[in-house]
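Notes follow once the structure below has been shown.
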Amino acid sequence: MDLTLSPAEEEFRDTLRAWIADNHPGKEPEGDEASFAFRRDWQRKLNERGWAGLTWPEAFGGAGATQIEQAILFEEFAAARAPQMANVLGLTMGGPTVIAHGTDEQKARFLAPILSADEMWCQGFSEPESGSDLASLKTKAVLDGDAYVVTGQKVWTTYAHHSKWCMLLARTNADAPKHRGLTYFLMDMEQEGVEIRPLVQITGEAEFNELFIDGARIPVENVVGGVDNGWRVAITTLMHERAGLAFALQARVQVALSELADELKGTKDPLVRQRFAQIAIEAQVLRLLAYRGLTSTMKGGEPGPEGSLGKWLWADINQALTTLAMDVKGPAAQLVDDTWTYRFLRARANSIEGGTTEILKNIVAERVLGLPRA
Amino acid sequence: MDLTLSPAEEEFRDTLRAWIADNHPGKEPEGDEASFAFRRDWQRKLNERGWAGLTWPEAFGGAGATQIEQAILFEEFAAARAPQMANVLGLTMGGPTVIAHGTDEQKARFLAPILSADEMWCQGFSEPESGSDLASLKTKAVLDGDAYVVTGQKVWTTYAHHSKWCMLLARTNADAPKHRGLTYFLMDMEQEGVEIRPLVQITGEAEFNELFIDGARIPVENVVGGVDNGWRVAITTLMHERAGLAFALQARVQVALSELADELKGTKDPLVRQRFAQIAIEAQVLRLLAYRGLTSTMKGGEPGPEGSLGKWLWADINQALTTLAMDVKGPAAQLVDDTWTYRFLRARANSIEGGTTEILKNIVAERVLGLPRA
Amino acid sequence: MNFDLTEDQREIQRTAREWLASRYPIARVREIALDGGSDATWDEIVELGWPDVAELGIVELAVVAEELGYALAPTPLAADWAARLLHPGLEGRGTVAMWDEGGNAPDASTMPASLVGTKIAVPAADVADTFVVTADGGRHFAVPASAVSVEPARALDPTRPLFTVRFDGGGEALDGDHFGRAWHAIAVAAAAESVGVARRVTQMSVEYAKERKQFGRPIGAYQAVSHACAQMFLEAEGARNVVLWAAWALDHDPAAAFVAASSAKAYASDAAVNVCRSALQVHGGIGFTWEHDLHLFLKRAEANAHAFGDATWHREQVAAMYL
Amino acid sequence: MNFDLTEDQREIQRTAREWLASRYPIARVREIALDGGSDATWDEIVELGWPDVAELGIVELAVVAEELGYALAPTPLAADWAARLLHPGLEGRGTVAMWDEGGNAPDASTMPASLVGTKIAVPAADVADTFVVTADGGRHFAVPASAVSVEPARALDPTRPLFTVRFDGGGEALDGDHFGRAWHAIAVAAAAESVGVARRVTQMSVEYAKERKQFGRPIGAYQAVSHACAQMFLEAEGARNVVLWAAWALDHDPAAAFVAASSAKAYASDAAVNVCRSALQVHGGIGFTWEHDLHLFLKRAEANAHAFGDATWHREQVAAMYL
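What follows is the structure, given as structure tokens:
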């Protein structure tokens, strides 16, 4: 039991902190294009410093850093209100998937442009009919010569309109049991068979897209991890994403918490104080869950159940936090403000996106507690 | 929409109120035997006035009163802290079942001693293996000449040790689908094959019993509503019990609420005030649900879903109320007091006894909302 | 003792349901929300007799208000009711300007009797002839539209535009001991709207839970969903009962009326908000899209919960009666 | 960075788990709860070194405390710890007398320095040699057992007898700036016990949910049960993490220690109470019987939640640090 950093980790933190202070690009501009360019520039700056793929092996352009250093980076970035990197899905999911399951040719072809943000990545897993039930997805890929021809529809595709590559899960074998007939492809988005439509959310923003795929072609060399093996490839990367994400999410909750604390400073209302304190305590519980996850990943190599717990708890906390921020506005909560209204609405999706809270509870019940399947 | 009483109802209320004032037997004595005798005397006094079976037809010794008058009685009794009647299960379930499903001979034999509390009734439905899943019960009744021979075990049998008759649900047909092979019997408790063991609860009291039945005999004329028809007989009486109960329960919540209000009077703690107010509001919601149930029973003849909603909500409220009463004690909550500790512990069973909250939610989901079975 | 609507009240309910469904199908509500123009049906509403609060009775008003919420009708009727309840002699169309900029109390104001100051979240300011303004000490004034300047504000609920209104003096003091009753009746009307929202959204969720399949079964077969739906039903029905009780008490049982009204607003505010949040969970991603109707109801529920005293404020009123 | 027990700490945990399981199987706990006589193992406990808080470290203390809760051990060790943390020089056995009759604040007292007055809910008063008494102004005094009169009280938790203790003056004032740390360490020890209760009861519930069948399936196959178990697990694990963090901070990170300790006590109090209440629901009727073990855990959880500051009190301490 030791929550202190080693001298090397402290040094990394100090270096990082100084670098951020020198290089912080300021406040993110509004608007999709401007914000995207801003985040891409930020990623390139980080990549020049060797930190875009912090935990990637050095052989592939990463810094070969530990999970702890990654956690330090998340916390420092959050504390400094640094922007996100543009190619977040390529960095946290696409790249690690290629590194774990890809061929040497794929590694040579795909990894560097992820780090440099020259090629953006998006994820084509969810479909309208397959929300929580991912294994039931219907998008079909049929072999035609040296390429697969893909037809289907995807949804909740973040950054699709900026992306060159899509991590696509499609059905290659209709006869196999549901999750055995899927293959993990890298699909070029710049082709005729791919149509992107923005999906406006209740916040009024179009953070996600729908993807209509009609006869898009994917060369066979863009299969990752083998034909009909897509479920396993996708799941292992989802697990890794969830574990890493937990740290980034908790760091962002701490920032939101301190922003709310600034607004509430000095309040005498015991109801508000109690609600705030409970959220602060749960945010700490979330942070410690992430530490625990880090420790067990480092010891066991595989992320434990903390990822599922963390995602679930994070949704609860972020919803409670933004709700409190709305409630303290009183009658003015009927009006849209510059900060909390958007966050409040956006937070409503937290318990749905990236695994609904119900599914996460199922996972905990079945895989951690060993209870029978529902 | 009219929440006022008719002149006749007002007169009934005034008569009742005056009668209670004249006849209130004071505080119930402690101890099982003394308390039982006290409640029996109270019931006899009421029966002499014609009010023990208030809603029973006059032909069977009742007062033929309306559901509204019954509701008035519950509220007045609660407000006056009047004791309960001893033979509550005979009055609210056994009697109505015999009236609805019994033969003329059964009516002549059983009804009068229920009203006079000369013969007490208990209910033998639940079994250790059949808690929520009542249809799965295993107690067997086999025809042997002019009597059924019964073997099995029952549990949660209130008042068994005072009772002459047990409303027993037992399996008469092992080949029929689960709930089709049950028969509703009236079993004489005063025989060798029936052994009663008190079941001590977490409160330290033995309000319930276990019943071990080994070769008890029930003459065929004590079948109610026909062989293998017990499920229907039991369910219709359970529905009626739940609807009537809702009114009695809500009336008792109002009493507990006013007792807690007396203790908290003048408190400045906003947290306590909020919690109290929320409970007071929900108690009102419960009361209105009971009114609504009364209205729909009077119009439609059959109790609606309000019984299930009311039982569920009542459990939530009573648990919240007793929890608040514990919490305001501060460090002294570590000690047993004369009122709230018992009520707090006892309330923990509210969401289990007489239909768990989970089962009630199933009922609402399936029978009211038409959702598919779980 | 009849805790149910009378035949006349049912008739009002039917008329309201049908008329609102024909004038404000949800696609039309959505158009109005995006393009403005909420006012096209006002003459018809006057003809239906709905603005006549003196004639209507509070139960009847609550019945109509519930249907406004159910239909998510983008009409400024509720604002007119509020003004008329406080100012029974009001002619033309009215609205209420209650909340001070930066103020937090739902029924109190620090605006001086000189009536110089700014009010926020004023509904229907674009069409009102008269503003009923809350000033300090619980006083109310009537101010003609000609004496104010109106700025559109960004309303959370796009179906009901709100405005920031600047007052520069000049108003007629209103008199009477009816403000308390009026204020509670306004809260009940808002609560009734929330009931309509809660009932509609519960229905939508139950229907969706029957249709939507995941893992080969309708999602309503999973207790995580079915129990959530049961909870929605409990809260929506509970809220409806307590609102009708409060409305009835305002007309027939003055001793219980204020505690009933605060109970109604507290419970119904929470119920609508809880129901909409659960509904989002039942619907999953699709419910989070702009093209689905759910967010319109969610925003009405949230906005309503913060108008005319939020649940916490009203619970404190209830506590004050008991403790 | 290693958020896990060290090998030494694991060894302490294993020893505690095994020793407590052998001395205090639940049947024995039940006997002691009914017949009294909690004290038979004290010499062994001394031999194990557990009362030596100065030597032990707060993380190690928390590890043992968690096992005390897990085993529901009816030993007065926690009372002795509390006394020793406040009064490091204490010889023989100690306990703490903190709460005034009728008083409500968990860490404040109005008892005058003359030490005349009554304290309630004093643990281990029957076996203590020395009472550490909280007086007004946050002062503490050591009073020998010979100077007090002890009356058994009715404890909610039958495994841990409580007493009403009358003080009639005569005590030695304790000195130092360690009271704050001591008081927070006591809260963390109580929180750790609650964690042990929560973890044990979560295990019991999960096991029962796998075995118990209703409607032809194990009840753990129903989301109403499985999600409740998942929630128990979340809270039990969460509470454990925050308690270990607080214990570590008390030894290594004084700046964070007090907020951590209050977070731990608030969260663990709620977690144990929530877990036990859910467990009762999962177990159904059987869990409500005296012969089932669940109620013993439930009572420990409730009593612990109200000792050394309840969740509300500790949340306010956390709020005070941020706001």
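Protein chains in written order, with numbering that gives the first Met the number 0: chain A, 0 to 373; chain B, 0 to 373; chain C, 0 to 322; chain D, 0 to 322. For every residue, glycine included, the Cβ atom is placed at its ideal position computed from N, Cα and C.
Annotation for residue 319(C): the continuous alpha helix (DSSP H) segment containing it runs 310-321.
Along the length of the stretch 121-188 of chain D, whole alpha helix (DSSP H) runs at least 4 residues long do not occur. Look at residue 166(B): its C-beta is not under 9 Å from any C-beta on chain D. Secondary structure of residue 141(B) (DSSP, three-state): strand.
Under a 10 Å Cβ-count criterion, residue 79(C) is classified as buried, with 16 or more other Cβ atoms of the shown protein chains found around its own Cβ. Here residue 240(D) is buried: its Cβ has 16 or more other Cβ atoms, across all protein chains shown, within 10 Å. Around the beta-carbon of residue 85(A), 16 or more other beta-carbon atoms lie within 10 Å, marking it buried. Contact note: residue 223(D) reaches chain C through 222, 226, using a C-beta cutoff of 7 Å and chain order.
By the beta-carbon neighbour count (other beta carbons within 10 angstroms, threshold 16), residue 52(C) is buried. Going by beta carbons, residue 273(B) and residue 313(B) fall outside the 9 Å limit. Close partners of residue 105(D) in chain B (Cβ separation under 8 Å): 329, 330. In the structure shown, the three-state DSSP call for residue 183(A) is strand.
Within chain D, no residue has its CB atom less than 8 Å from the CB of residue 67(B), the nearest being about 34 Å off. Identification of residues in the stretch 260-290 of chain B having a C-beta nearer than 7 Å to some C-beta of chain A yields 269, 270, 273, given in sequence order. The alpha-carbon separation between residue 289(A) and residue 364(A) amounts to approximately 19 Å. Contact between the stretch 194-206 of chain C and the stretch 60-74 of chain C is present, with at least three C-beta pairs closer than 8 Å. If you ignore the 5 residues before and after residue 279(B), its C-beta comes within less than 7 Å of the C-beta of 256, all in its own chain and listed in chain order. The C-beta of residue 78(B) comes no closer than 9 Å to any C-beta of chain C. Closest in C-alpha terms to residue 353(A), from the list 88(A), 70(A), 11(A), comes 88(A). Residue 233(B) is positioned such that its CB atom lies no closer than 9 Å to that of residue 285(B). Between the C-alpha atoms of residue 136(C) and residue 273(D) there is a straight-line separation of about 45 Å. Within the same chain, 22 come within 7 Å of residue 44(A) by CB-CB distance, once the 5 residues on both sides are set aside.
Annotated three-state conformation of residue 207(A) is strand, per DSSP. Annotation: residue 92(D) is outside any alpha helix (DSSP H) and is labelled neither H nor E by DSSP.
Its chain contains 157 as the residues whose beta carbon lies nearer than 8 Å to that of residue 33(C), once the 5 sequence neighbours on both sides are disregarded; these appear in chain order. In the structure shown, residue 188(A) falls within a coil segment according to DSSP collapsed to helix, strand and coil.
Taking 9 Å as the cut-off, the Cβ atoms of residue 114(B) and residue 51(B) count as close. Apart from the 5 residues on each side of it in sequence, residue 320(D) sits with its Cβ closer than 6 Å to the Cβ of 258 in its chain, given in chain order. For a Cβ distance threshold of 7 Å, nothing in chain B lies close to residue 87(C): the least Cβ distance comes to about 23 Å.
Under the Cβ criterion of 9 Å, residue 285(C) is counted among the residues facing chain A.
For the 9 Å CB-CB criterion, residue 160(C) and residue 151(C) form a contact.
With fewer than 16 neighbouring CB atoms inside 10 Å of its own CB, residue 24(A) falls in the exposed class. For residue 0(D), no alpha helix (DSSP H) encloses it, and the DSSP letter there is neither H nor E.
Judged by DSSP secondary structure, residue 152(B) falls outside any alpha helix (DSSP H) and instead within the beta strand (DSSP E) spanning 146-154. Taking CB atoms only, residue 5(D) has a neighbour in chain A less than 9 Å away. Distance from the CA atom of residue 254(C) to the CA atom of residue 178(B), rounded to whole angstroms, is 51 Å.
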